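Heads up, the thing below is written out as structure tokens.
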Amino acid sequence: MTPSRTPRFIQRHVADTEADRRDIEAGLMQQPAHASPKYFYDRLGSHLFEAITELPEYYPTRTEASIFATHGAEMARRIGPGATLIDLGAGNCAKASRMFPLLEPSRYVAVDISVEFLHDALKRVQREHPALDVIGLGQDFSSSLDLDADLIADRGVFFYPGSSIGNFTPDEALAFLKRVRSQALGGGLLIGVDLVKPAAILQAAYDDALGVTAAFNLNILRQLNRLIGSDFEPTDWKHIGLYDAAESRIEMHLEARHDVEVHWPGAQRAFLAEERIHTENSCKYTVERFAALLQEAGFAAPLHWTDDRGWFGVFWAPAR
Ligand code: AVJ
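Numbering (my numbering) for the sequence shown: 488 to 807.
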């Protein structure tokens, strides 16, 4: 029997509930009010997102999976074996694991805000891939991405699937891509991006018939209540998911059903009927626009693969 390695865990993120509180309060006081989509993902929020990915209207997850299934071998051929695969927002590590047989990385670095969350998933990864060098890294890579030089054994291949890049504005996305580029020398970035398409399809994906996305959006109010001690009542608010074609983005808001007053220790805010709290942007790109963004960030001309309908794109951007 091959002696199995054990995953290494590095925690570099310290949960700062005080900073969250200041951030939330400042956002709620603004005109219009907003709250960061990072507050969607408590335990229930993560389960609701998983449920969203099963909805018939929410095409991104299964479309991306079909692109990896159809073109994964070609991607791996371009990327080459033996790389250090750095999975940004690894979660349950399922998407990256499916690529291992093709990609044959020598090291797998799973990055997520909490190492705790990665623990069970990485023990399973290690059991299934006894020879792989497995590292869990607890880091908030959205604000800073500084990997110790010795973490990338050879070529760093960054993996950022799911179109999470859409939560950034294009300017923020560019800054993020530049940070990745500066640490990917000799390797590159494999990234999934949701593409521009007719508004009706986009809107259905973010305002589904069962109301799962509505529950996902409203759940942020429970998080805010927990984090700042506010008294939001989800029943006072209505889910809005709208496509803004001029900005190429889905916007999610919570709209007050009637005049609402919200209180929390030290402050309060009155909302008029139909006033909104902006909770998420999900930016959509054309293939041309995203390829240009990658090159503006310093990557070489990317390759890309899409589905038959051209709804989703996977890009391989070498960092030469
Ligand atoms: C996890 C950011 C990729 O924008 O499609 C799904 C989140 N919001 N439905 C997306 C989300 C509403 C999702 N991302």
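We treat Cβ as the ideally placed atom computed from N, Cα and C, and that holds for glycine.
Owing to the predicted nature of the structure, the values given are computational and were not obtained by experimental measurement.
Relative to ligand 1, is the shortest distance from any of its heavy atoms to the C-beta of Thr700 smaller than 8 angstroms?
yes
At the level of alpha carbons, what is the spacing between Glu761 and Glu742?
5 angstroms
What do you reckon, are the CB atoms on Leu624 and Asp599 nearer than 9 angstroms?
yes
Taking Gly643 as the reference, which of Leu590, Pro657, Leu605 has the closest Cα?
In terms of CA proximity to Gly643, Leu590 leads the group Leu590, Pro657, Leu605.
Could you tell me the boundaries of the alpha helix (DSSP H) in which Gln690 lies?
686-692
Measuring only from the beta carbon, is Asp599 closer than 8 angstroms to any heavy atom that is part of ligand 1?
no
Contact defined as beta carbons within less than 8 angstroms: I believe Ser584 pairs with Val612. What is the distance between those atoms, to the nearest angstrom?
6 angstroms
Cβ of Glu767 within 8 angstroms of any heavy atom in ligand 1?
The nearest non-hydrogen atom of ligand 1 is less than 8 angstroms from the C-beta of Glu767.
Between Phe786 and Gly675, how many whole angstroms is the CB-CB distance? I'm expecting something under 8 angstroms.
7 angstroms
Just verifying my parser: in three-state terms, what is the DSSP assignment at Gln670?
coil
On a Cα-Cα basis, can you pick out the residue from Tyr730, Leu781, Thr656, Asp718 that is closest to Glu748?
Residue Asp718 is the option with its Cα nearest to Glu748.
Please say whether Ile622 and Arg495 have beta carbons closer to each other than 9 angstroms?
yes
Return yes when the Cβ of Pro524 is within less than 9 angstroms of the Cβ of Asn712, no when it is not.
no
Among all the DSSP beta bridges, which residues are the ones paired with Ile727?
His740
How about Pro547: is its Cβ closer than 8 angstroms to a heavy atom in ligand 1?
Yes, ligand 1 has a heavy atom inside 8 angstroms of this Cβ.
Taking the alpha carbon of Leu790 as the point to measure from, which residue in Arg796, Val801, Ala784, Gly797 has its own alpha carbon closest?
Val801
From which residue to which residue does the alpha helix (DSSP H) around Asn706 run?
Note, Asn706: alpha helix (DSSP H), 699-715.
Relative to ligand 1, is the shortest distance from any of its heavy atoms to the C-beta of Ala583 smaller than 8 angstroms?
no
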